[in-house]
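Chemist: The structure follows.
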Amino acid sequence: MKTEDLISMLATGVAPVERHVAAKRFGGALTFGAMGALAIVILGYGVRHDIALLLHAPLFWAKLVWPTCLAVAALAACVRLGRPGRVVGGWWAVLATPVALVWLAALLVLWFAPPEAREHLLMGRTWRSCSFNIALISLPAFAAALWAARALAPTRLRLTGAAAGLVAGAIGALAYSLRCPEMSVPFWATWYLIGMSIPTAAGALLGPTLLRW
963 MKTEDLISML ATGVAPVERH VAAKRFGGAL TFGAMGALAI VILGYGVRHD
1013 IALLLHAPLF WAKLVWPTCL AVAALAACVR LGRPGRVVGG WWAVLATPVA
1063 LVWLAALLVL WFAPPEAREH LLMGRTWRSC SFNIALISLP AFAAALWAAR
1113 ALAPTRLRLT GAAAGLVAGA IGALAYSLRC PEMSVPFWAT WYLIGMSIPT
1163 AAGALLGPTL LRW
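Residues in the sequence shown are numbered consecutively from 963, following our numbering.
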């Protein structure tokens, strides 16, 4: 068989790839995941009774912006990891920046707080359940993010799974913020981060199995 004939045969019936497939798939999957997380919070936990007042509190919005930034950066990293040959590049720095800023703010709050108040600022009233609740609420987004990542072509499966898990964990933390009574920066710099780390670790563990193609 001539080379031209082989090329012609391989090209026969090939349809063009739809543009922005990854964005559409992740968009649909994470919309489902976010709706699932909100449903768990609203139906299973209930929203804070003073949520209307919190809408006027800058600290509450900072509490929402933090996991949102992590979700966006982790999603960008996950999409890049799903394309062979693409490097995550500066998105690692973007991902680390919100964590570093919140840790810095938490340390400053603890530094200037009276010694007798530091334990409460760090532990709050719900430290025993906070991280577990975030991990539980993130389950719909966890399944959706891994499903979307599986449709790509990841080669670094553990890293891709971890990025997908972090996206889910950040969505879970964002939804849980509507319920959580804690408003201390040291609290969410610690227990929110642990809660988001649980699906991140689960994604890294399950990535080689669930993302293999």
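Heads up, the beta-carbon is just placed ideally off N, CA and C, and yes, glycines get one too.
Would you please state the rounded distance, in angstroms, between the beta carbons of Ala1137 and Ala991? I believe it to be under 8 angstroms.
Modeler: The Cβ separation is near 16 angstroms, so there is no contact.
Chemist: On the premise that Ala1166 lies in contact with Ala1124, defined as a C-beta separation below 8 angstroms, what is that separation, rounded to the nearest angstrom?
Modeler: Indeed, because the Cβ distance is near 4 angstroms, the residues count as touching under 8 angstroms.
Chemist: Please state whether DSSP places Val1049 in a helix, a strand or coil.
Modeler: The answer is coil: DSSP assigns Val1049 none of H, G, I, E or B.
Chemist: Which runs of the alpha helix (DSSP H), 4 residues or longer, sit entirely within the region 1088-1132?
Modeler: Counting whole runs of 4 or more residues, the region 1088-1132 contains the alpha helix (DSSP H) stretches 1089-1099, 1101-1112.
Chemist: Given that a residue counts as buried once 16 or more other Cβ atoms are within 10 Å of its Cβ, and exposed if not, what is Ala977?
Modeler: For Ala977, the pLDDT reaches just 47, beneath the cut-off of 50, and the residue's location in the model is therefore unreliable, although a value from the coordinates is still provided. Exposed, because fewer than 16 other Cβ atoms sit within 10 Å of the Cβ of Ala977.
Chemist: How should Trp1073 be labelled, buried or exposed, when 16 other C-beta atoms within 10 angstroms of its C-beta is the threshold for buried?
Modeler: When all chains shown are included, Trp1073 counts as exposed.
Chemist: Please report how far the alpha carbon of Arg1120 lies from the alpha carbon of Thr1152, in whole angstroms.
Modeler: Those two C-alpha atoms are separated by around 24 angstroms.
Chemist: In terms of residue numbering, what span does the alpha helix (DSSP H) encompassing Pro1029 cover?
Modeler: Its alpha helix (DSSP H) spans residues 1020-1043.
Chemist: With a threshold of 16 other CB atoms inside 10 Å of the CB of Leu1032, please say whether the residue is buried or exposed.
Modeler: It is buried - the Cβ of Leu1032 has at least 16 other Cβ atoms within 10 Å.
Chemist: Can at least three beta-carbon pairs, one atom from the region 1142-1161 and one from the region 1093-1106, be found at a separation below 8 angstroms?
Modeler: With a cut-off of 8 angstroms, the region 1093-1106 and the region 1142-1161 count as touching, because enough Cβ pairs lie within range.
Chemist: Checking 8 angstroms against the spacing of the C-beta atoms, do Phe1149 and Leu1083 come in under that value?
Modeler: Yes, these two residues count as a Cβ contact at 8 angstroms.
Chemist: Under 8 angstroms Cβ to Cβ from Leu1168, same chain only, skipping five residues before and after it: list those, please.
Modeler: Same-chain partners within the cutoff: Leu1108, Gly1123.
Chemist: To the nearest angstrom, how far is it from the Cα of Val979 to the Cα of Arg1087?
Modeler: In this prediction, Val979 has a pLDDT of 48, which is less than 50 and means its spatial position is unreliable; nothing more can be read from the coordinates.
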